[in-house]
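**Student:**
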Amino acid sequence: MSQRSARVMDRMINTIEWLAAMFVGIVALNIFIAVVLRKFFDTSIPDAYDFGRMLLGILIFWGIAATSYRGGHITVDLVWTASGPRMKRVIDVFATLVLLFVVAVQTATLFDKVRGTWVDNVQTFDMNIPVWPFYAVAWFGDVCAVVLIAIRTYRLIFQPELLDDEKPEQKAD
Numbered sequence: 001m002s003q004r005s006a007r008v009m010d011r012m013i014n015t016i017e018w019l020a021a022m023f024v025g026i027v028a029l030n031i032f033i034a035v036v037l038r039k040f041f042d043t044s045i046p047d048a049y050d051f052g053r054m055l056l057g058i059l060i061f062w063g064i065a066a067t068s069y070r071g072g073h074i075t076v077d078l079v080w081t082a083s084g085p086r087m088k089r090v091i092d093v094f095a096t097l098v099l100l101f102v103v104a105v106q107t108a109t110l111f112d113k114v115r116g117t118w119v120d121n122v123q124t125f126d127m128n129i130p131v132w133p134f135y136a137v138a139w140f141g142d143v144c145a146v147v148l149i150a151i152r153t154y155r156l157i158f159q160p161e162l163l164d165d166e167k168p169e170q171k172a173d
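Following the UniProt record's numbering, the numbering of the sequence shown begins with 1 at its first residue and continues without gaps.
In structure tokens, the structure reads:
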């Protein structure tokens, strides 16, 4: 793999992580504004509950994308910790392939949900805004997760030095 394609992958990874971070901010802002309006002005944002619910779903799927590549999520594996470097790599590749399969199936299932909400014309309660675009953004986050897990799998097999996994045993020193 050339240096250029590695830079393109790194840019794609960073963009997806920034988008996930932006969704965290949007969810927090929605909650903050809803609380302030309710507490001080005795009013609320129309469809605030629906927006909050759908934004949280978007955040979850984009969060899966962000954490899947870095390997910084919470893991507990006594077998992996007790294994040597070669066995650790085999376990990592196997686990990442399983994760890739599971998230790919989840992505296909979520696409069916997006299609179903579009066909059924599901709308929000107050303002009758179509729900499917929110579901589509969540689905795209899941697609990004599949892409990042595929990149991680490729790098685990062919370029393990390009991965910057967060290892808890390294931080304990």
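The beta-carbon is built from N, C-alpha and C at its ideal position, and this holds for glycine as well. These numbers were taken from a predicted model, which means no experiment stands behind them.
For Ala138, count neighbouring C-beta atoms within 10 Å of its own C-beta (all shown protein chains included) and say buried if the count is 16 or more, exposed if not.
**Tutor:** By the neighbour-count rule (16 or more Cβ atoms within 10 Å), Ala138 is buried.
**Student:** Sorted by chain position, which residues of the same chain lie with C-beta nearer than 7 angstroms to Lys171's C-beta, five sequence neighbours on each side aside?
**Tutor:** Its pLDDT being 46, under 50, Lys171 is placed unreliably in this model, and the value from its coordinates should be taken loosely. Closer than 7 angstroms at the Cβ level, and outside the excluded window around Lys171, lies no residue.
**Student:** Please report whether the beta-carbon of Ile26 lies at a distance below 7 angstroms from any beta-carbon of chain D.
**Tutor:** The structure shown contains no chain D; it holds only a single protein chain.
**Student:** Got a sec, what are the start and stop residues for the alpha helix (DSSP H) Glu17 sits in?
**Tutor:** Element bounds for Glu17: Gln3 to Phe41.
**Student:** Quick check: the region 30-48 against the region 78-90, are there 3 or more CB pairs under 8 angstroms?
**Tutor:** No, they do not touch.
**Student:** For Ala66 and Met87, what's the separation of their Cα atoms in angstroms?
**Tutor:** Their Cα atoms are separated by approximately 26 angstroms.
**Student:** Give the straight-line distance between the Cα atoms of Asp173 and Gly52, rounded to the nearest whole angstrom.
**Tutor:** Residue confidence is low: Asp173 scores 43 on pLDDT, short of 50, so the model does not pin down where it sits. Its coordinate-derived value is still stated next. Approximately 41 angstroms, taken between the alpha carbons.
**Student:** Residue ranges of each beta strand (DSSP E) run of no fewer than 3 residues wholly in the region 102-130, ordered along the chain?
**Tutor:** None, since the region 102-130 contains no complete beta strand (DSSP E) of that length.
**Student:** Given 8 angstroms as the limit, is there contact between the region 14-33 and the region 95-114, that is, 3 or more CB pairs closer than that?
**Tutor:** The region 14-33 is not in contact with the region 95-114.
**Student:** Between Leu148, Arg115 and Asp126, which has its C-alpha nearest Gly133's C-alpha?
**Tutor:** First, the residue type needs correcting, since residue 133 is Pro and not Gly in the sequence shown. Of Leu148, Arg115 and Asp126, the residue nearest in Cα terms is Arg115.
**Student:** Would you identify the three-state DSSP class for Ser68, choosing helix, strand or coil?
**Tutor:** If DSSP states are grouped into helix, strand and coil, Ser68 belongs with the helices.
**Student:** When you compare only the Cα positions, how much space is there between Met127 and Gly63?
**Tutor:** For Met127 and Gly63, the distance between alpha carbons rounds to 28 angstroms.
**Student:** Distance check for Asp50 and Leu56, CA to CA, integer angstroms please.
**Tutor:** Distance between the alpha carbons of Leu56 and Asp50: 10 angstroms.
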